[in-house]
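I have placed the structure first, in the form of C-alpha cells, so that the comments after it can refer back to it.
Written out as C-alpha cells, the structure reads:
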C-alpha cells in the first residue's frame, strides 16, 4: 500500500483503548477503515503487528501507514431514469428524485446522482461548493424520494444556502411510521451526530448538532401512521433518527430498527419517507415558489396495503 507513514506516541487519553479505535481517533478515520488498516499490518505498536482488539498503552510508539488519499469524486453526466425536472429557469432547477439516486457523487458511491443526471440533460449548475456537489444546497438520502432544489447560478447558490441555514425554507415530508404516536402531534428536539459505534448511521447524541422535527398525524392504521413532517433543521437522516428514537421508526427502515416482517408484507425495500413539498423565496424575483411531489409507486402501493 503506498501511503503516508506516521509515527507518534499513544497519548494518555487513549490508554487502554482498542488499537482500531485508537487509530480511528488519532487519524480521523472511520472504525471500518482503521480496522482494515490494522488487519493489513499497517499499524505497528512498538514495532510489532497487533490485532484490532489489542489494548494500547500510553507512551507506546505507534507507526501507521495511512492509505493514499482517494481522488475526489467527479461528476459524470449520466442519464437517470425516473429523474423528473419539475421546474427550471436560469437560477434554479427543481427535480422529483427517484429512489436509488444520490444527490451528488461521493467516495464509495458508484450509482446515479442528481447532479450527473442534470448534466446529462444539459443543465449548467452553479460552480460553488466542492466540485462533486456543485449547486447542491440540500440533500435527500439515496433511499428517500421527492422534491429537491439545485442552484444553477452563483447568486441562487448563495441565496439558497443562506435560506436553508436560517430556516427560511419550508420543508414538508410525509412518512409512514410504525405504531401510533403519542401525542398525535408534537415536536422532537434532540441533538444528532454520528453514531458512536456504527459507520453510516446517525443517532441522538448528547452534544450533537441541534435538530428539530415537527410532526402531525394525518391518518392512523392498525400497525402504522401516516405523518406530515416539517423540518426546522436539516441533519443527515434527521427524520429517520428522530422517529427511531421515539420507537416509531419509518416503516421499511431496517437500518433504524423497522420491523422486517411488516416491511416485507408491504413490499417495501426502503424507508417510507418522501419529500412532499418545498417552498422558498425565489433567489432572483423574491416571489414565493412552492413545488409538490406525488408519492412514487412503491410508497403508494404500501399505503394502499395499510388501508386495505
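Numbering (full-length UniProt numbering), first residue to last: 1 to 308.
Idealized CB from N, CA, C, for every residue including glycine.
Rounded to the nearest whole angstrom, the CA to CA distance from residue 265 to residue 123 is 40 Å.
Between residue 147 and residue 277, the C-beta gap is smaller than 8 Å, which places the two residues in contact. Here residue 95 is not near residue 64, since their CB atoms are 8 Å or more apart. In the DSSP assignment, residue 186 falls within the beta strand (DSSP E) that extends over 185 to 189.
Listed in chain order, the non-local C-beta contacts of residue 55 below 8 Å within the same chain comprise 16, 17, 18 and 19, local neighbours out to five positions each way being set aside. Under the DSSP assignment, residue 258 falls outside any alpha helix (DSSP H); it carries neither an H nor an E label.
Contact between residue 119 and residue 111 is absent: CB atoms are separated by about 15 Å, not below the 8 Å threshold.
For residue 113, the beta-bridge partners assigned by DSSP are 102. Contact check for residue 201 against residue 255 passes: the beta carbons are separated by less than 8 Å. Excluding five sequence positions before and after residue 164, the CB atoms of its chain that fall closer than 8 Å to its own CB belong to 137, 138 and 234, given in chain order. DSSP places residue 231 in the strand class (E or B) of the three-state scheme.
Inclusion of residue 192 and residue 177 in the CB contact set at 8 Å is not warranted, their separation being larger than that value.
Counting along the chain, the unbroken beta strand (DSSP E) around residue 171 starts and ends at 170 to 178. Shown here, residue 50 sits in coil according to DSSP, grouped into three states, outside any helix or strand. Partner residues in the beta bridge of residue 209, as assigned by DSSP, are 192. Taking the Cα positions, residue 68 is about 15 Å away from residue 38. Inter-segment contact for the segment 84 to 92 and the segment 278 to 287 is present: three or more beta-carbon pairs are separated by less than 8 Å. Counting only the Cα atoms, residue 212 lies some 41 Å from residue 57.
Excluding sequence positions up to five before and after residue 252, its CB lies within less than 6 Å of the CB of 258, 263, 268, 270, 271 and 272, all in the same chain and listed in chain order.
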